[in-house]
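Enquirer: Okay, handing you the structure first.
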Amino acid sequence: MANDEYSLFHDTRHSSFVIAFLLLSGRTLFGHDEKVSASEVRVESHEIVWKVDVGLAGLEKALKLPAAAAQLSERQLQLLKPQIANYLSSEVSVEINGRVAVAEIGELEPVYEPFLLSGEPYIARVRQLFLFRSQEEARRLRLGIRLFSELTAEHRALVHVRWGGQERQFVRVGPSTLDLSYDGLHPDVWRIAGEFLSWGARHIFIGYDHIAFLLALLLAARRVREMVLIVTSFTVAHSLTLLLSALDLIRLPPALTESLIAASIVYVSVENYFLKDGRHRWLLTFAFGLVHGLGFSSVLRERLADVSGVVLPVLSFNLGVEAGQLVILMVAFPLILALCRAADERSREIRQRRLLWIGSAPILLLGLGWLVERVFGIGFMPL
Numbered sequence: 022m023a024n025d026e027y028s029l030f031h032d033t034r035h036s037s038f039v040i041a042f043l044l045l046s047g048r049t050l051f052g053h054d055e056k057v058s059a060s061e062v063r064v065e066s067h068e069i070v071w072k073v074d075v076g077l078a079g080l081e082k083a084l085k086l087p088a089a090a091a092q093l094s095e096r097q098l099q100l101l102k103p104q105i106a107n108y109l110s111s112e113v114s115v116e117i118n119g120r121v122a123v124a125e126i127g128e129l130e131p132v133y134e135p136f137l138l139s140g141e142p143y144i145a146r147v148r149q150l151f152l153f154r155s156q157e158e159a160r161r162l163r164l165g166i167r168l169f170s171e172l173t174a175e176h177r178a179l180v181h182v183r184w185g186g187q188e189r190q191f192v193r194v195g196p197s198t199l200d201l202s203y204d205g206l207h208p209d210v211w212r213i214a215g216e217f218l219s220w221g222a223r224h225i226f227i228g229y230d231h232i233a234f235l236l237a238l239l240l241a242a243r244r245v246r247e248m249v250l251i252v253t254s255f256t257v258a259h260s261l262t263l264l265l266s267a268l269d270l271i272r273l274p275p276a277l278t279e280s281l282i283a284a285s286i287v288y289v290s291v292e293n294y295f296l297k298d299g300r301h302r303w304l305l306t307f308a309f310g311l312v313h314g315l316g317f318s319s320v321l322r323e324r325l326a327d328v329s330g331v332v333l334p335v336l337s338f339n340l341g342v343e344a345g346q347l348v349i350l351m352v353a354f355p356l357i358l359a360l361c362r363a364a365d366e367r368s369r370e371i372r373q374r375r376l377l378w379i380g381s382a383p384i385l386l387l388g389l390g391w392l393v394e395r396v397f398g399i400g401f402m403p404l
C-alpha cells in the first residue's frame, strides 16, 4: 500500500491536472473505467471538500447496475444516487490531524461525453461531492483511496489538492493512502527517477495492446537482424513522440490515439498472412511506433502532474518502458526461434509460416475487439 508524505510548498501548473483530467473523457483511453478516476480536494481551515469523478461503466461493474452505461438516463441515475453515493463513501476516507473524519454526502451529478463517431451525448461519468469537517484547523491530512479495488489492482486515482493558495497534483495506483502536510518535504531526485522507472516498466507489462503489437511483429522476424531492426525502430519512434508529447509539442485526442493503436495491431496481424519479405518492415514499425508513443505519453502526463520538471521523469519512464520491453523480447523471441527450429531450411520456413499464421489469429481477434471497443465506446474485452 503506497504511503508517502508530500509538501504543498510550491505551485504547479494547473493545466497539468486539466490534461490528466481530460484523460477521463470517454472509456476508450484505458478500455475499462474502473481503472481511472479523478478527484479534487479543497482544504479549508476546518473542512475538506472532496469531489470524486468516476466512470459510470466502472460503477456498473462494481454495483452490478441493471442498465448499461451508454443507455442510462438522467432519471435512472437519480434513482441510483443513494446506491452510488454509499459505494463511493465507502471507498474514500479522510483523517484530519490523525483523527478520522465522517463524510457528509453531497450532490451527485452526471457528466456527459459524446460518442466518438455519432457525437451523441451519453452519461459517461458521475461526480460525487463529500464534505469532511474538523473542530481544529487542518495541518495534516491522510486521504484513503480504494476505488474499484474489488475489480482491479491497477486503478489510477488522479488527485488535485488545493490548500492555502497552493496546488499540487498526485497519482495513486491501487488501494493507497496519500499523506499531506502544508510544510512537509520535497520529493528528492532519486525517488522521482525510481518511481518513473518503475512506472514505465509496469506500464509496458500491463499494456496488453503494446505487447500484442510487439508480438505480432516478432512472429514475422525470421532472423536476429530483422528482430533488432524492428525493436530499434519501434523504440526510437515511441521515444520520439513520448518526449514531444510530454513537452506539449504534439498531441492527439486520447480516444483517437487508442483507436489507432488497436488499428495498428489489426493491420500488422492481417499483413502477417500475406507478408513475403519482412526485411523492410521496420519502416512500418517506425510509423506505428509514433502512435504507440502517444499512447505511452497519455499515461506519463498523469505522473508529470505530480512533479516539477520534465526531462528526468520522461527519461526515467522511457528507460522503464525499454527495460520491460527487453524482458518481453528475451522471453518471446528465443521461444519463437525454438518453435521454428528444424533440420533443414525448407522445414524451418514451413514451421515459421505455420507459427506466423496460428500466432497472428488471437492477436488479430484482440486487436479487432479493442478497435470496436474504443471506437464505439463500449466495454466487453477482458483485457
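Our numbering puts the first residue of the sequence shown at 22, with every later residue one more than the last. Just so it is clear, CB atoms sit at the ideal spot from N, CA and C, and this is done for glycine as well.
For Y143, list the residues DSSP reports as bridge partners.
Expert: Taking the first residue of the sequence shown as position 1, residue 143 is located at position 122. DSSP output for Y143 lists E134 as bridge partner(s).
Enquirer: Out of curiosity, what's the CA-to-CA distance linking R189 and L168?
Expert: Residue mapping note: residue 189 aligns to position 168 of the sequence shown, counting from 1. Residue mapping note: residue 168 aligns to position 147 of the sequence shown, counting from 1. One C-alpha to the other measures close to 21 Å.
Enquirer: May I ask you to list the residues that DSSP assigns as paired with H181?
Expert: Reading the sequence shown from its first residue, position 160 is the one you call residue 181. In the DSSP output, where bridge partners are listed per residue, H181 has E61 and Q190.
Enquirer: According to the Cβ coordinates, are L385 and S290 closer than 7 Å?
Expert: Taking the first residue of the sequence shown as position 1, residue 385 is located at position 364. Taking the first residue of the sequence shown as position 1, residue 290 is located at position 269. Contact flag set, yes.
Enquirer: Would you check if there are 3 or more beta carbon pairs closer than 8 Å linking the stretch 264-275 to the stretch 363-374?
Expert: no
Enquirer: Let me confirm a value: P275 is counted as buried when at least 16 other C-beta atoms fall within 10 Å, else exposed. Which label applies?
Expert: On the sequence shown, residue 275 is found 254 positions in, with the first residue counted as 1. By the 10 Å Cβ count, P275 comes out buried.
Enquirer: Here's a check: name, in chain order, each residue in its chain whose Cβ is nearer than 6 Å to the Cβ of V194, leaving out the five neighbours to either side.
Expert: Against the sequence shown, residue 194 aligns to sequence position 173. Once the five neighbours on either side are set aside, the close Cβ partners of V194 are R177.
Enquirer: So G388 and V287 are supposed to be a Cβ contact under 8 Å. How far apart are they, rounded?
Expert: Locating residue 388 in the sequence shown gives position 367, where the first residue counts as 1. Locating residue 287 in the sequence shown gives position 266, where the first residue counts as 1. With 8 Å as the limit, G388 and V287 qualify as a contact, their Cβ atoms being about 4 Å apart.
Enquirer: Anyone know if the C-beta pair for V11 and L109 falls short of 7 Å?
Expert: No information on residue 11 is available, as it lies outside the stretch 22 to 404 that the chain covers here.
Enquirer: In the DSSP assignment, find the unbroken beta strand (DSSP E) run with S197 in it and report its ends.
Expert: What you label residue 197 is simply residue 176 of the sequence shown in a count that begins at 1. That run of the beta strand (DSSP E) goes S197 to S202.
Enquirer: Starting from I166, trace the beta strand (DSSP E) in both directions and tell me its first and last residue.
Expert: The sequence position of residue 166 within the sequence shown is 145, counting from 1. Unbroken beta strand (DSSP E) run through I166: R161 to I166.
Enquirer: Just confirm the distance between the C-beta atoms of F153 and V115, as a whole number of angstroms; I'd bet it's less than 8 Å.
Expert: Here residue 153 refers to the residue found at position 132 when the sequence shown is read from its first residue. Here residue 115 refers to the residue found at position 94 when the sequence shown is read from its first residue. Right, the Cβ-Cβ distance comes to about 4 Å (below 8 Å), so this counts as a contact.
Enquirer: Between which residues of its own chain and N293 is the CB-CB distance below 6 Å, once the five residues before and five after are set aside?
Expert: On the sequence shown, residue 293 is found 272 positions in, with the first residue counted as 1. Same-chain partners within the cutoff: A241, L377 and S381.
Enquirer: Just the C-alpha distance for A106 and L356, rounded to the nearest angstrom, thanks.
Expert: Here residue 106 corresponds to residue number 85 of the sequence shown, with the count starting at 1. Here residue 356 corresponds to residue number 335 of the sequence shown, with the count starting at 1. Cα to Cα, A106 sits roughly 50 Å from L356.
Enquirer: Could you tell me how far apart the beta carbons of L172 and A83 are, in whole angstroms, since I believe they sit closer than 8 Å?
Expert: On the sequence shown, position 151 is the one that residue 172 refers to. On the sequence shown, position 62 is the one that residue 83 refers to. About 6 Å; that satisfies the 8 Å criterion.
Enquirer: Which class does A267 belong to by DSSP, given the choice of helix, strand or coil?
Expert: Residue 267 sits at position 246 when you count from the first residue of the sequence shown. The answer is helix: DSSP assigns A267 an H, G or I state.
Enquirer: With 16 other CB atoms within 10 Å as the buried threshold, where does G299 fall?
Expert: Reading the sequence shown from its first residue, position 278 is the one you call residue 299. Burial call: buried.
Enquirer: Look up F397 in the DSSP assignment and say whether it is helix, strand or coil.
Expert: Against the sequence shown, residue 397 aligns to sequence position 376. It is helical.
Enquirer: Whole angstroms is fine: what's the gap from E95's alpha carbon to W303's?
Expert: By one-based count along the sequence shown, residue 95 stands at place 74. By one-based count along the sequence shown, residue 303 stands at place 282. Using only the alpha carbons, I get a separation of about 49 Å.
Enquirer: Could you round the C-beta distance between S66 and E158 to whole angstroms and report it? I think they count as a contact, below 8 Å.
Expert: Looking up residue 66 in the sequence shown gives position 45. Looking up residue 158 in the sequence shown gives position 137. Indeed they touch by this definition, with Cβ atoms about 5 Å apart.
Enquirer: Which whole-angstrom value is the C-beta distance of F217 and S337, which I expect to be below 8 Å?
Expert: The sequence position of residue 217 within the sequence shown is 196, counting from 1. The sequence position of residue 337 within the sequence shown is 316, counting from 1. Going by Cβ atoms, the distance from F217 to S337 rounds to 4 Å, so yes, they are a contact pair.
Enquirer: Less than 7 Å between the C-beta atoms of G345 and F226, yes or no?
Expert: Residue mapping note: residue 345 aligns to position 324 of the sequence shown, counting from 1. Residue mapping note: residue 226 aligns to position 205 of the sequence shown, counting from 1. Yes, they are a contact pair.
Enquirer: Beta strand (DSSP E) containing V115: first to last residue?
Expert: Position 94 of the sequence shown, counting from 1, holds the residue named residue 115. V113 to I117 is the span of the beta strand (DSSP E), which, as asked, contains V115.
Enquirer: For M248, count the other beta carbons within 10 Å of its own beta carbon; 16 or more makes it buried, fewer makes it exposed. Which is it?
Expert: The sequence position of residue 248 within the sequence shown is 227, counting from 1. Buried.
Enquirer: If you reduce the DSSP assignment to three classes, tell me which class K72 lands in.
Expert: In the sequence shown, the residue the question calls residue 72 occupies position 51. Looking at K72 - three-state DSSP - the assignment turns out to be strand.
Enquirer: If you follow the alpha helix (DSSP H) that A237 is part of, which residue opens it and which one closes it?
Expert: For this step, residue 237 is matched to residue 216 along the sequence shown. If you look at A237, you'll find it in the alpha helix (DSSP H) that goes Y229 to L240.
Enquirer: Between which two residues does the beta strand (DSSP E) carrying A122 extend?
Expert: Taking the sequence shown and counting its residues from 1, the one referred to as residue 122 is at position 101. R120 to A122 is the span of the beta strand (DSSP E), which, as asked, contains A122.
Enquirer: In terms of DSSP beta bridges, what is F153 paired with?
Expert: Within the sequence shown, numbered from 1, the residue matching residue 153 stands at position 132. The partner list for F153 (beta bridge, DSSP) reads I69 and A124.
Enquirer: Can you give me the start and stop residues for the alpha helix (DSSP H) that N339 sits inside?
Expert: Within the sequence shown, numbered from 1, the residue matching residue 339 stands at position 318. Its alpha helix (DSSP H) spans residues V332 to C361.
Enquirer: Apart from the five residues on each side of it in sequence, which residues of its chain come closer than 8 Å, Cβ to Cβ, to T256?
Expert: Taking the sequence shown and counting its residues from 1, one reaches residue 256 at position 235. Apart from the 5 residues on each side of it in sequence, T256 sits with its Cβ closer than 8 Å to the Cβ of G310, E343 and Q346 in its chain, given in chain order.
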